Amino acid sequence: MINKRKIGTEGEMIASDFLKRNGLDILERNYRNRYGEIDLIAKDRDTLVFTEVKFRKDELAGHPIEAVNVGKQRVIRNVARHFMYNKGYDDDTYCRFDVIGIIADGEDEPDITWVRDAF
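If you want it as structure tokens, here you go:
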């Protein structure tokens with residue numbers, strides 16, 4: 015049986031390492047509140063970056079980026095709003111919403127697609 019949480023955690027670790035290599039500071043992983051969850055929250059200089067990570071072993075069900083639909087975007091926005099309020103960020107804080115899609119079959123290096131300001 016496939017352990018989706020374990021697979022998701024693996025994808026988030028790959029994404030977290032990728033963002034660090036690209037100069038971002040990871041603030042939170044798997045931030046949860048009553049509205050839902052955001053996989054990664056980072057800082058890119060003065061910008062808060064809320065990142066959704068989608069991990070697949072292949073593209074048979076489509077590219078992982080395509081899984082972040084309007085409903086998921088709404089959840090992420092609500093969670094982000096709650097995070098900013100609870101952590102004391104004001105309305106002038108610049109933020110963006112990124113999506114990282116990872117395709118990894120376990121044999122080669124993962125194929126990582128990073129969409130900045132995705133929605």
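Residue numbers 15 to 133, in our numbering, belong to the letters of the sequence shown in order. For each residue, glycine too, the CB sits at the ideal point set by N, CA and C. Given the structure is predicted, the values throughout are model-derived calculations rather than measurements.
With residue i and residue j assumed to form a contact (beta carbons below 8 Å), what rounded beta-carbon distance in angstroms separates them?
i     : j      : result
Thr65 : Ala29  : 7 Å
Val89 : Val113 : At roughly 13 Å, the Cβ-Cβ gap does not stay under 8 Å, so Val89 and Val113 are not in contact.
Ile52 : Ala81  : Not really, about 15 Å apart at Cβ, beyond 8 Å.
Within the same chain, show all residues whose beta-carbon is closer than 8 Å to that of residue i, passing over the 5 residues directly before and after it, in chain order.
i     : result
Val84 : none
Gly37 : Asp58
So is residue i buried or exposed if we call it buried at 16+ other beta carbons inside 10 Å?
i     : result
Glu26 : buried
Tyr45 : buried
Leu74 : exposed
Lys68 : buried
How far does the beta strand (DSSP E) with residue i in it extend, from its first residue to its last?
i      : result
Asp119 : Neither: Asp119 is in no beta strand (DSSP E) and is coded neither H nor E.
Asp163 : This structure gives no information on residue 163, because the portion of the chain shown stretches from 15 to 133.
Under 7 Å Cβ to Cβ from residue i, same chain only, skipping five residues before and after it: list those, please.
i     : result
His77 : Gly115
If you drop the 5 nearest sequence neighbours on each side, which residues of the same chain put their C-beta closer than 6 Å to that of residue i?
i      : result
Arg70  : Pro78 and Ile117
Cys109 : Leu62
Leu33  : Ala56
Gly50  : Val89 and Val93
Does the beta carbon of residue i come closer than 8 Å to any beta carbon on chain D?
i     : result
Gly22 : No chain D is part of this structure, which consists of one protein chain only.
Going along the chain, which unbroken runs of the beta strand (DSSP E) with 3 or more residues stay wholly within the stretch 34–60? 39–47 and 50–58
May I have a chain-ordered list of the beta strand (DSSP E) segments no shorter than 3 residues that lie completely inside the stretch 62–117? 109–117
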